[in-house]
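Trainee:
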Amino acid sequence: MSLLMNLAPQKAILAETDQIVDANDVKVGTILAIKAGEVIPIDGIVVEGKSEVDEKSLTGESFPVAKQLQSLVWAGTLNIDGYISVKTTALAEHSAVAKMARLVEEAQNNKSKTQRIIDCCAKYYTPGLL
């Protein structure tokens, strides 16, 4: 779970100024600079440049995916080569990786119906054995 939460970086670089900002402060429609070797911090669409992106952390795809103008990119994926400018399409808290982390957390916190029945029965059965 913590590994999933740490996929997307906490910082982002604004393309216009090269200023480093907290990813949670980036608004939808902001243009970010993503250099080779950097993890994409927020979901977006490529507005400049070409690259190959490693998406295996989210999709399991073992081969890099080519990205060019108008290609969608996802937070938590790795820009392997090339420089791209990305216009954000979501807030950091609403990115694909953030949604996945929330779903995993919910699944871990919610017991299945079978598990609740077993827990209820064990509460009486186990002391009876002792």
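Each residue of the sequence shown is one higher than the one before, counting from 1 in the UniProt record's numbering.
Where is the CB? At the ideal position from N, CA and C, for every residue including glycine.
Which one or two residues does DSSP pair with Glu48 in a beta bridge?
Mentor: DSSP output for Glu48 lists Ser85 as bridge partner(s).
Trainee: Out of Ile45, Ser51, Asn109, Gln10, which has the shortest C-alpha to C-alpha gap to Leu72?
Mentor: Checked all of Ile45, Ser51, Asn109, Gln10; the closest Cα to Leu72 is Ile45.
Trainee: Work out the CA separation of Asp81 and Glu52 for me, nearest whole Å.
Mentor: Taking the straight line joining both Cα atoms gives about 6 Å.
Trainee: Do you know how far the Cα of Glu48 is from the Cα of Leu69?
Mentor: Cα-Cα distance, rounded: 6 Å.
Trainee: Expressed to the nearest angstrom, what Euclidean distance is found between the alpha-carbon atoms of Glu38 and Ala90?
Mentor: Approximately 19 Å, taken between the alpha carbons.
Trainee: What ranges does the beta strand (DSSP E) occupy inside the UniProt domain "P-type ATPase A" (16–105), keeping only unbroken runs of at least 3 residues that lie completely in it?
Mentor: Counting only runs of 3 or more, we get 20–22, 31–34, 44–49, 51–54, 65–67, 78–81, 84–88.
Trainee: Could you tell me the distance, in whole angstroms, from the CA atom of Ser57 to the CA atom of Pro64?
Mentor: Each residue's alpha carbon lies about 11 Å from the other.
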